[in-house]
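Residue numbers (the working numbering), protein chains in the order written: chain A, 673 to 1069; chain B, 673 to 1069.
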């Protein structure tokens, strides 16, 4: 396979079509922070500021500055977002709000712990890029606040009646498995190792279901199955994203068996979640084949496909499993045909089952400058590594 | 138009295809209450009990017993649901939970005041059917609890940060406009009149937007427009349902001008919400034409079409406005082609934009035995009245 050619497609999309879209349309020069509700051409259609997306955009530009190129505009953009977050993002106890008005007034309470997770990531990367001590402190303090809240992350906003059906949700252990490596440089090594141990155990033993070879979104504390809407829920995109997080943890631990287990689970998720009729990965499924609660179950989402591409390339790079390469080609074709908008930049976020654009937006309440540039950056790098490996093999023949 | 023929279509669907589906598949003979998660053929695919749907089913069978036929099975079915609700449905302060396990243990906290609204309706209709004083008390006590909670219906579960963007939502004033007539027989007449005054004012003056001739889902306290996702949100189905509630209030007040205003708003909602490409009424729209937050925005929902049919027939019966009759025919055709399942009974609930079945269910977390039988009962009655009027005109010629 011509890995170099693929690598340059991902790199070009990142540098020429995705980053310019955000740099041009997203910064709010008047009040600080970023606009994320951007239509097909990049016009701002709503000015609310969602902490998830503010923080993720700070992270993206910091990470690219750290890992790709010391571009001063990228660092400046990250700081532009971070200063807005620092000034307006938290309540007096250090919890991150869910959203703010354009001017920075709190709109939605800190009910969602993922705001805190993305703020932790953002400030740790920006600390690495800038060396500013205050950013390190914000990251570490937020991380310890997450650990404190992790057993009851929704606090008073939790609608579950205690004791009747105590399920734990996959999202937080999944994110922590990524977050721990993201912020390793600001943490005590003992905490890093303990968090990795817990993450691998929770994701790969508690949530993993040996019967189906899949990971479910909600399980009992001991990992057992709940035959309820929540318990039957499968989110293939989550599984695929989590599996490349686990591959990173396993690589760090030098655990090839764990990498292979992650690859197998990811392939299972793709086989289960792939839409045999129209192509693309379905958003939600019920593991028993019942109608899911989520009306959007059959839609095709940008992040699911972006993360699947990263997962398959990482899987192939780490194991050489041919199934990963076959899936990568299929995902690449679907994604470039349906999500990528080479005319206007960035990717569409939401397609209907047939792959037609459902919402003509490039950013909104949940889609910002994150999954697409991260996946493009990782994919071009993995493809370059694969090209180099191939060259080496050929030259040794 | 052959109103008699149409009337018998609605009556036959109600009596032969819809009620038997629920009577056969829904009662839980072991633990009481109703199963509402029923697939195409009526098989139970989930056993959770949602208070909205438990109460609405009690209401439906009580209402049909009171207004259509003194069928002892209907009363028995209503009591079967009411006894389960009475025993398990409330917390110690009398707030209604959102959902219970099959056995009746609370699953989801009383965060949703509409559980209380539907319980009020249910027990008031059942009191009328049964004369059981305890049911009257439950209805009245719940109603006063709603009034007490109405300015902050979500209580501690509200995620809005106070003061930044204080919007009021249309759903509660809309439901109260219907509820007040539903429970008139258990209320002090002064409270009835005051609630009607407030309902008409809130719906037709505060929420109504003279610029567009439409009603929005969320407005500031003075009715002014908020240029935000919530503020721009239009739910055509809500408008159509609310407009027939208002026609009932206006009829009681003998206010023909108000009826005409309601008809005009309803027609506006249909013209705005009708999908010019694939037919059917869209679920959500952004009044400024931006992408809405709701991923399910382009779906076609059963209740929207059921309520639109009732609204157009009521509008025609009360005003003779030919536009209502034209819309009724268009809605009837779409509905019978896409929602009605004459083979297995009941209607499908959720169609995609093209009118294809999106979820192969007849009941779920939000769809129960309510909108369809209520609409069928009201429609057959309105069509019969229209047939009689026509006969009278013809015989007088």
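The beta-carbon is built from N, C-alpha and C at its ideal position, and this holds for glycine as well. This one's a predicted model, so the numbers in the text were calculated from it and none came from an experiment.
Any 3 or more C-beta pairs closer than 8 Å across the stretch 724-737 of chain A and the stretch 754-768 of chain A: yes
Residue 1041 of chain A, DSSP secondary structure in three states: Against the first chain, residue 1041 of chain A aligns to sequence position 369. The answer is coil: DSSP assigns residue 1041 of chain A none of H, G, I, E or B.
CB-CB length for residue 856 of chain A against residue 913 of chain A, believed under 8 Å: What you label residue 856 of chain A is simply residue 184 of the first chain in a count that begins at 1. What you label residue 913 of chain A is simply residue 241 of the first chain in a count that begins at 1. Wrong, their Cβ atoms sit about 19 Å apart, outside the cutoff.
Cβ pair count under 8 Å reaching 3, the stretch 954-969 of chain A against the stretch 996-1014 of chain A: Not touching, per the Cβ criterion.
Inter-stretch contact (C-beta, 8 Å, three-pair minimum) for the stretch 767-776 of chain A and the stretch 796-805 of chain A: Contact between the stretch 767-776 of chain A and the stretch 796-805 of chain A is absent: fewer than 3 CB-CB pairs across the two stretches fall below 8 Å.
Simplified DSSP state of residue 1016 of chain B, which is helix, strand or coil: Mapped onto the second chain, residue 1016 of chain B falls at position 344. Note: residue 1016 of chain B maps to coil in three-state DSSP.
Interface positions of the stretch 943-964 of chain A facing chain B (Cβ-Cβ less than 7 Å), listed along the chain: 962, 963
Residues that residue 771 of chain A bridges to, as DSSP identifies them: Working through the first chain from its first residue, we reach residue 771 of chain A at position 99. Paired residue(s): A:722, A:780.
Residue 698 of chain A, buried or exposed, once every other Cβ within 10 Å from all chains shown has been counted against 16: Residue numbering aside, residue 698 of chain A sits at position 26 when the first chain is read from its first letter. Label assigned to residue 698 of chain A: buried.
Own chain residues within Cβ distance below 6 Å of residue 1042 of chain B, not counting five before or after: Residue numbering aside, residue 1042 of chain B sits at position 370 when the second chain is read from its first letter. The answer, listed in chain order, is 728, 732.
Neighbourhood of residue 676 of chain B by C-beta distance below 7 Å, restricted to the same chain and skipping five residues each side: Position 4 of the second chain, counted from the start, is the residue given in the question as residue 676 of chain B. 1059.
Residues that residue 1023 of chain B bridges to, as DSSP identifies them: Working through the second chain from its first residue, we reach residue 1023 of chain B at position 351. Answer is B:972, B:1029.
Same chain only: Cβ atoms within 6 Å of residue 814 of chain A, ignoring 5 sequence neighbours per side: If you number the first chain from 1, residue 814 of chain A lands on position 142. The beta carbon of residue 814 of chain A sits closer than 6 Å to the beta carbons of 788, 791, 792 from its chain, once the five residues preceding and following it are set aside; these are given in chain order.
Nonlocal neighbours in the same chain, by C-beta distance under 7 Å from residue 951 of chain A, ignoring five residues either side: The count along the first chain starts at 1 and reaches residue 951 of chain A at position 279. The answer, listed in chain order, is 1006, 1027.
When A:712, A:976, A:928, A:997 are compared against residue 1047 of chain A, the one with the closest alpha-carbon: Numbered from 1 along the first chain, position 375 holds the residue referred to as residue 1047 of chain A. Nearest option by C-alpha distance: A:976.
Three-way DSSP call (helix, strand, coil) for residue 887 of chain B in this model: The residue you call residue 887 of chain B lines up with position 215 of the second chain. In this structure, residue 887 of chain B counts as strand in the three-state DSSP scheme.
Expected contact under 8 Å - CB spacing of residue 708 of chain A and residue 1035 of chain A to nearest Å: By 1-based counting over the first chain, the position of residue 708 of chain A is 36. By 1-based counting over the first chain, the position of residue 1035 of chain A is 363. Here residue 708 of chain A really is in contact with residue 1035 of chain A; their C-beta atoms are around 4 Å apart, less than 8 Å.
Cβ of residue 894 of chain B within 8 Å of any chain A Cβ: Looking up residue 894 of chain B in the second chain gives position 222. No, residue 894 of chain B lies away from the interface with chain A (no Cβ there is under 8 Å from its Cβ).
For residue 614 of chain B, the three-state DSSP class (helix, strand or coil): There is no way to answer for residue 614 of chain B, as the model of chain B reaches only from 673 to 1069.
Chain-ordered neighbours of residue 971 of chain A on chain B, where CB pairs are closer than 7 Å: Indexing the first chain from 1 puts residue 971 of chain A at position 299. Per Cβ cutoff of 7 Å: 967.
Selected residue, minimal CA-CA separation from residue 1054 of chain B, among B:716, B:916, B:1031, B:1018: Stepping through the second chain from its first residue, residue 1054 of chain B is reached at position 382. Ranking B:716, B:916, B:1031, B:1018 by Cα distance to residue 1054 of chain B puts B:916 first.
Contact set between the stretch 703-723 of chain A and chain B, restricted to residues whose Cβ is under 9 Å from the partner: 709, 711, 717, 718, 719, 720
Stretch pair the stretch 816-824 of chain A + the stretch 866-879 of chain B: three plus CB contacts closer than 8 Å: no
Beta strand (DSSP E) segments (min. 3 residues) lying fully within the stretch 776-837 of chain A: 778-780
Residue 947 of chain A versus A:990, A:1025, A:874, A:931, residue with shortest Cα-Cα distance: Locating residue 947 of chain A in the first chain gives position 275, counting from the first residue. The option with the nearest alpha carbon to residue 947 of chain A is A:1025.
Per DSSP, the bridge partner or partners of residue 1035 of chain B: By one-based count along the second chain, residue 1035 of chain B stands at place 363. Residue 1035 of chain B pairs with B:710.
Residue interval of the alpha helix (DSSP H) (run including residue 839 of chain A): Indexing the first chain from 1 puts residue 839 of chain A at position 167. Not the alpha helix (DSSP H): residue 839 of chain A falls in the beta strand (DSSP E), residues 839-841.
Partner residues on chain B for residue 837 of chain A, Cβ-Cβ distance less than 8 Å: Position 165 of the first chain, counted from the start, is the residue given in the question as residue 837 of chain A. Per Cβ cutoff of 8 Å: 773, 779.
Per-residue DSSP class, three states only, for residue 703 of chain A: By 1-based counting over the first chain, the position of residue 703 of chain A is 31. It is coil, neither helix nor strand.
Assigned secondary structure, residue 715 of chain B (DSSP; H/G/I helix, E/B strand, else coil): What you label residue 715 of chain B is simply residue 43 of the second chain in a count that begins at 1. Here residue 715 of chain B sits in coil by DSSP.
Residue 918 of chain B versus B:804, B:765, B:986, B:971, residue with shortest Cα-Cα distance: The residue given as residue 918 of chain B occupies position 246 in the second chain. Checked all of B:804, B:765, B:986, B:971; the closest Cα to residue 918 of chain B is B:986.
Where the alpha helix (DSSP H) through residue 752 of chain B begins and ends: Position 80 of the second chain, counting from 1, holds the residue named residue 752 of chain B. Counting along the chain, the alpha helix (DSSP H) containing residue 752 of chain B begins and ends at 744-760.
Residue-level contact to chain A via CB, residue 1045 of chain B, 8 Å cutoff: Residue 1045 of chain B sits at position 373 when you count from the first residue of the second chain. No, residue 1045 of chain B does not count as interfacial toward chain A.
Selected residue, minimal CA-CA separation from residue 850 of chain B, among B:921, B:1018, B:1044: Position 178 of the second chain, counted from the first residue, corresponds to residue 850 of chain B. For residue 850 of chain B, the nearest C-alpha among the options comes from B:921.
Simplified DSSP state of residue 674 of chain B, which is helix, strand or coil: Residue numbering aside, residue 674 of chain B sits at position 2 when the second chain is read from its first letter. Coil, per DSSP.
Those residues which DSSP pairs with residue 946 of chain B across a bridge: By one-based count along the second chain, residue 946 of chain B stands at place 274. B:953, per the DSSP bridge assignment.
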